[in-house]
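Heads up, the thing below is written out as structure tokens.
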Amino acid sequence: MAKILVVADIKQGALKASTTELLSKAKAIGAQTAVVAIGHQITGLVPNLVNAGSDTQYIADDPGLELFGAGPWAACIVDAAKQAGATMIWFGFSESGKAAAPRVAARLNAACATDITDVVLEGDQIQIVRPAIANKVIQRVKVNTPQLVAVVRAAAFEAAPGISGTENVVRLAAPAPDLKAVVKQLVSDASGDIDLAEADIVISVGRGAKDQAGITLVKELADDLKAAFGSSRAMVDAGLMPHHKQVGQTGKIVAPTLYIAIGISGAIQHLAGMSGSKVILAVNKDPEAPIFNVADYGIVGDLFEVVPLLREQIKKVRG
Amino acid sequence: MKILTTVKKVVDVELNIHVKEGAIVEDGLQYVINAWDENAVEASVQLKEKHGAETTLVSIGGGDNAEIIRKCYAMGIDNGMHIEDPALAKADSAVFAKVLQKVFEKGGYDLVITGKQAQDTDSGQTGIILAEYLGLPCVSNVVAIEAVDEKRLKVSRLGDAGTEIVELALPAVVTVTDSINEPRLPGMRGLMMAKKKTIQSMDLAALGLSADDIKAVGPKSEVVAFMATKARKGGEKFEGDATQITAKVVQLLASEAKVL
């Protein structure tokens, strides 16, 4: 029987929806479920981990785990995987997951797959599905090892309504610190922002917004809609938007219900990062901009004119 | 400092890719240097210019890689190595990492810089697994590299909670994103000089690896079929009076798409 260990996605002390989504999928394919949670002062999350659908909770709670470090994280996950007898270890889509998964796989001598969108079990044989070549093709991949370590793409799996688990807490020993790669400082300008990976609506701003005034204009629309606020690479490179706001293959891959691209032409890496969105609206001056090839609705026009009108009209329909 | 950079030849992602009967249609494809590896090359050359270093690149597979390697020479890379072997036909990240491990051990490097992922697989694993095989520290998704002294680097990594500033003891592996730099365009003189330089071509035996050594590592996974991505089709594009078309689109978002 498949035994799946899900690595809990914890941000700013809260358990993210991806953990429930992954555990739901694990249960749907008939696997036993366990979760491993790593951090500092996270023991209070045990009820949340149970409610997310786990039947065993491995907890690594230590001051040395306050800041993410791929080495110590991998050590905790390998420890939990061995104790659980896990046949698969799943990470939610995150930079931490992408950094830790190959390490865990190397230590377990297991196959590793990133960006997966589906898992198919045929007896003991595991196959996965994932996009490749900037989302231009889908691969079906056969796993040759008994174990698989995988990073699941954002929004690939859905949370099952009414999912629950049982409490069975196992404490993990604190791992040795990584003295060769020491996180000296975390420069965070992300606190308080709506998470791009989880938002129902994402609004991204591109070069068309020109400067800070243009960004502020678009941000007001995002605020009206309680949307997460993202950016194209061009605005990040120009120093106008912070790195962590970048949507695309370098940056965040998003799949919201509604994605609004304002003043973004649609470079291939950007498209690969947002074309999984349910509905896309694009606003751009250039009718030939590639973004219109993926947008369900396109407005050809000057964003400085269109964005205030959008705010006004949206307020009207939302009442 | 001795820096090793990896460069992969990949399919040009800017062109259309067609799939037929579970395989990618080769006709019409073009191959280029992996864009993130180009950032790795630039990062190596910048470190060389600032602190002095011997820069070596290694490219595995891809057939005739001379053009790509010469471009990197023209950007400022000192030595180039191309490894090709039939046993690498189905190589996955673990196999690439095994080969790179051997290259590293033979050459005695202080730093490996790779792109954060290759554009053909988008896996993002090889550099990190290499570090595990070598027992070295590794920082991935790096946007800035600074040398602290002969033995240490300060690197900035984009993490989930913000930018992580990491002090890294050498030898180490770093994987970089495209935000780290803008790769230089090689000049005429550099390109001319690059033509005169040799490329060291090797098979696994020359490296001291057997086909069985490779089999012991992988491939741990292999692609059994390719499928076309369900292409998004552009929908309605509205042009004309901004007030009118905006009102129309908002109405459609609310009533037709039901997302407002």
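These protein sequence lines map, in sequence, to chains A and B. Residue 1111 in our numbering is what sits at position 65 of the first sequence, and the numbering runs on without skipping anything. Residue 154 in our numbering is what sits at position 153 of the second sequence, and the numbering runs on without skipping anything. The beta carbon of each residue, even a glycine, is placed where N, CA and C say it ideally should be.
Name the DSSP beta bridge partners of residue i, please?
| i | result |
| --- | --- |
| Y1104 of chain A | A:V1082 and A:V1216 |
| R1153 of chain A | R1153 of chain A is not bridged to any residue. |
| D38 of chain B | None; D38 of chain B has no bridge partner. |
| V174 of chain B | B:V113 and B:C139 |
| M203 of chain B | B:I84 |
| V1353 of chain A | BP columns for V1353 of chain A are empty, so no partner. |
| E1134 of chain A | Per the sequence shown, residue 1134 of chain A should be read as Met rather than Glu. According to DSSP, M1134 of chain A bridges with A:I1050 and A:L1194. |
| T273 of chain B | Residue numbering for chain B in the displayed model covers 2 to 261; residue 273 of chain B lies beyond these limits and cannot be assessed. |
| L261 of chain B | Paired residue(s): none; L261 of chain B is not in a bridge. |
| E147 of chain B | B:K155 |
| C1158 of chain A | A:V1195 |
| Y32 of chain B | B:V12 |
| R190 of chain B | The partner list for R190 of chain B (beta bridge, DSSP) is empty, contrary to what the question assumes. |
| Q1231 of chain A | B:I166 |
| L1167 of chain A | A:I1172 |
Just how far apart, CA to CA, sit residue i and residue j?
| i | j | result |
| --- | --- | --- |
| L1304 of chain A | K1057 of chain A | 23 Å |
| A195 of chain B | N66 of chain B | 14 Å |
| V1346 of chain A | K231 of chain B | 25 Å |
| K234 of chain B | P1223 of chain A | 50 Å |
| D281 of chain B | D242 of chain B | Chain B is shown from 2 up to 261; residue 281 of chain B falls before or after that span and cannot be answered. |
| F1275 of chain A | D204 of chain B | 49 Å |
| V177 of chain B | Q1359 of chain A | 43 Å |
| D1342 of chain A | I1247 of chain A | 15 Å |
| G63 of chain B | I25 of chain B | 16 Å |
| A1127 of chain A | V260 of chain B | 40 Å |
| D1170 of chain A | A1202 of chain A | 22 Å |
| A95 of chain B | T56 of chain B | 24 Å |
| A1120 of chain A | V1363 of chain A | 49 Å |
| G1208 of chain A | P1093 of chain A | 15 Å |
| R1153 of chain A | E50 of chain B | 36 Å |
| A1077 of chain A | M1047 of chain A | 6 Å |
| T1296 of chain A | P1177 of chain A | 15 Å |
| A1083 of chain A | L1111 of chain A | 11 Å |
| Q1185 of chain A | D93 of chain B | 14 Å |
| V184 of chain B | N40 of chain B | As written in the sequence, residue 184 of chain B is Pro, which differs from the Val given in the question. Approximately 6 Å, taken between the alpha carbons. |
| F105 of chain B | V218 of chain B | 17 Å |
| G108 of chain B | A207 of chain B | 13 Å |
| E147 of chain B | L154 of chain B | 6 Å |
| G23 of chain B | V1175 of chain A | 13 Å |
| I1306 of chain A | P1109 of chain A | 40 Å |
| D1164 of chain A | L1218 of chain A | 30 Å |
| V174 of chain B | L16 of chain B | 31 Å |
| F1114 of chain A | Q245 of chain B | 50 Å |
| S1323 of chain A | A1301 of chain A | 4 Å |
| L1061 of chain A | T1089 of chain A | 12 Å |
| E1266 of chain A | G136 of chain B | 49 Å |
| S1277 of chain A | V46 of chain B | 29 Å |
| L48 of chain B | V1081 of chain A | 42 Å |
| E133 of chain B | T1191 of chain A | 18 Å |
| T1066 of chain A | L192 of chain B | 54 Å |
On the premise that residue j lies in contact with residue i, defined as a C-beta separation below 8 Å, what is that separation, rounded to the nearest angstrom?
| i | j | result |
| --- | --- | --- |
| A170 of chain B | V156 of chain B | Not really, about 11 Å apart at Cβ, beyond 8 Å. |
| Q1173 of chain A | V1183 of chain A | Not really, about 16 Å apart at Cβ, beyond 8 Å. |
| M2 of chain B | V42 of chain B | With a Cβ gap of about 16 Å, M2 of chain B and V42 of chain B do not count as contacting. |
| I215 of chain B | K99 of chain B | 7 Å |
| I1310 of chain A | S1250 of chain A | 6 Å |
| V1187 of chain A | V225 of chain B | 7 Å |
| G1252 of chain A | G1099 of chain A | The Cβ separation is near 38 Å, so there is no contact. |
| A1151 of chain A | V1195 of chain A | 4 Å |
| V1215 of chain A | I1105 of chain A | 6 Å |
| L58 of chain B | I78 of chain B | 5 Å |
| A1227 of chain A | V167 of chain B | 5 Å |
| H83 of chain B | S211 of chain B | Contact doesn't hold; Cβ gap of about 19 Å is too wide. |
Decide if the stretch 1066-1083 of chain A is in contact with the stretch 1132-1144 of chain A; the criterion is three or more beta carbon pairs, one per stretch, under 8 Å apart. Yes: at least three Cβ pairs fall under 8 Å.
Complete beta strand (DSSP E) runs within the stretch 1307-1345 of chain A (minimum length 3 residues, chain order): Runs of the beta strand (DSSP E) inside the stretch 1307-1345 of chain A: 1325-1330.
At 4 residues or longer, and completely inside the stretch 1047-1091 of chain A: list those alpha helix (DSSP H) runs for me, N to C. Listed in chain order, they are 1063-1074.
Just checking, does the stretch 1254-1266 of chain A make contact with the stretch 1283-1299 of chain A on the three C-beta pairs under 8 Å criterion? With the cut-off at 8 Å, the stretch 1254-1266 of chain A and the stretch 1283-1299 of chain A touch.
Going along the chain, which unbroken runs of the beta strand (DSSP E) with 3 or more residues stay wholly within the stretch 213-253 of chain B? Counting only runs of 3 or more, we get 222-229 and 237-239.
Report the residue ranges of all beta strand (DSSP E) runs contained in full by the stretch 55-111 of chain B; include only those spanning at least 3 residues, in chain order. Counting only unbroken stretches of 3 or more residues, the beta strand (DSSP E) elements lying wholly within the stretch 55-111 of chain B are 55-61 and 80-84, in sequence order.
Length at least 4, wholly inside the stretch 1247-1311 of chain A: the alpha helix (DSSP H) runs in chain order: Segments of the alpha helix (DSSP H) lying fully in the stretch 1247-1311 of chain A: 1258-1270 and 1279-1283.
Would you check if the stretch 149-166 of chain B and the stretch 1152-1169 of chain A touch, i.e. whether three or more CB-CB distances between them fall below 8 Å? Put simply, the stretch 1152-1169 of chain A does not touch the stretch 149-166 of chain B. Fewer than three CB pairs are less than 8 Å apart.
Taking one C-beta from the stretch 1138-1148 of chain A and one from the stretch 1268-1283 of chain A each time, how about it: are there three or more such pairs within less than 8 Å? No: fewer than three Cβ pairs fall under 8 Å.
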